[in-house]
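Visitor: I'd like to ask some things about the structure below.
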Amino acid sequence: MPLSEALNSKCPLRRPGEDVTESWPGIVDIGGKPVVAREAIATGLLVLTPQSIDLVENGRSPKGDVREASTIAAIQAVKETPRTLPHCHPIPIEGCTVDWSLEDGGLRCTVSVRAHWSTGVEMEALCGVSAGLLCAWDMLKPVEKDGRGQYPSAKIDGIRVVKKKKSDPQD
Numbered sequence: 001m002p003l004s005e006a007l008n009s010k011c012p013l014r015r016p017g018e019d020v021t022e023s024w025p026g027i028v029d030i031g032g033k034p035v036v037a038r039e040a041i042a043t044g045l046l047v048l049t050p051q052s053i054d055l056v057e058n059g060r061s062p063k064g065d066v067r068e069a070s071t072i073a074a075i076q077a078v079k080e081t082p083r084t085l086p087h088c089h090p091i092p093i094e095g096c097t098v099d100w101s102l103e104d105g106g107l108r109c110t111v112s113v114r115a116h117w118s119t120g121v122e123m124e125a126l127c128g129v130s131a132g133l134l135c136a137w138d139m140l141k142p143v144e145k146d147g148r149g150q151y152p153s154a155k156i157d158g159i160r161v162v163k164k165k166k167s168d169p170q171d
């Protein structure tokens, strides 16, 4: 049986007549790419009530120090990115920093990831920001909920890569 026929017969989500040969899940072969220095910085904002911002600033959240716990969550997410995103390669991370800043209306998380490898580290930085902000939200749920158990103010906003850097193979 040809590969295209085998793939199409085993894909439960395909539409009748749809050829999935080109879109079948896989991982990109990076074997021929040079190992170079790579860095990515991502950021995002957790929009919060003034009460939550005050608790973060003073380290008095009902569940503990928000920035400390959320930093651990961010670092863990950076290291576990290939487990979460199946197309990402396991990368030997050389460094990761997590920075927090309070802004008008929220808590900003910025994650920087560094490695020498054949592929970029932007997905690792994005996963770190996402997990860090989710952990912060989780820790502030008791304060952010309204009387009906809803979150009228809290939201995660603007997660993006702000910098991606790759050195020249000759460097």
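Counting in the numbering used here, the sequence shown runs from 1 upward without gaps.
Heads up, the beta-carbon is just placed ideally off N, CA and C, and yes, glycines get one too.
Here the structure is a predicted model, which is why all the values come from computation and not from measurement.
With DSSP as the reference, label L13 as helix, strand or coil.
Guide: Residue placement at L13 is flagged as unreliable, the pLDDT there being 49, under the threshold of 50; the coordinate-derived value follows with that caveat. Coil.
Visitor: Does the pairing of the stretch 39–54 with the stretch 137–147 give three or more beta-carbon distances under 8 Å?
Guide: Contact between the stretch 39–54 and the stretch 137–147 is present, because at least three Cβ pairs lie under 8 Å.
Visitor: Would you check if the distance between the CB atom of E80 and the CB atom of H116 is smaller than 8 Å?
Guide: Not closer than 8 Å, so no.
Visitor: In the DSSP assignment, find the alpha helix (DSSP H) that holds C88 and state where it starts and stops.
Guide: Premise fails: C88 is in no alpha helix (DSSP H) and is neither H nor E.
Visitor: What are the boundary residues of the beta strand (DSSP E) that I159 is part of?
Guide: Element bounds for I159: K155 to K166.
Visitor: What residue from W137, K163, I159 and V161 has the CA that sits closest to P152's CA?
Guide: Per the Cα distances, W137.
Visitor: Counting C-beta neighbours from all protein chains within 10 Å, is the total for T84 16 or more, i.e. buried, or is it exposed?
Guide: So T84 ends up on the exposed side.
Visitor: Grab the span of the alpha helix (DSSP H) containing S112 for me, first residue to last.
Guide: Premise fails: S112 lies in the beta strand (DSSP E), G106 to W117, not in any alpha helix (DSSP H).
Visitor: Sorted by chain position, which residues of the same chain lie with C-beta nearer than 6 Å to S112's C-beta, five sequence neighbours on each side aside?
Guide: Excluding positions up to five away in sequence, the list reads I41 and T97.
Visitor: Going by the CB atoms, is the gap between I91 and V175 shorter than 8 Å?
Guide: In the structure as shown, the chain begins at 1 and stops at 171. Residue 175 is therefore absent and cannot be evaluated.
Visitor: Going along the chain, which residues of its own chain have a beta-carbon closer than 6 Å to the beta-carbon of S70, five neighbours each way excluded?
Guide: So the list reads G132, C135 and A136, once near-sequence residues are dropped.
Visitor: Please list the terminal residues of the continuous alpha helix (DSSP H) segment that includes R148.
Guide: Unbroken run through R148: none, as it is neither H nor E.
Visitor: Return no unless some Cβ of chain D is closer than 8 Å to the Cβ of R83.
Guide: Although the question refers to chain D, the structure presented lacks it and comprises just one protein chain.
Visitor: To the nearest angstrom, how far is it from the Cα of L55 to the Cα of R160?
Guide: Whole-angstrom Cα-Cα distance: 26 Å.
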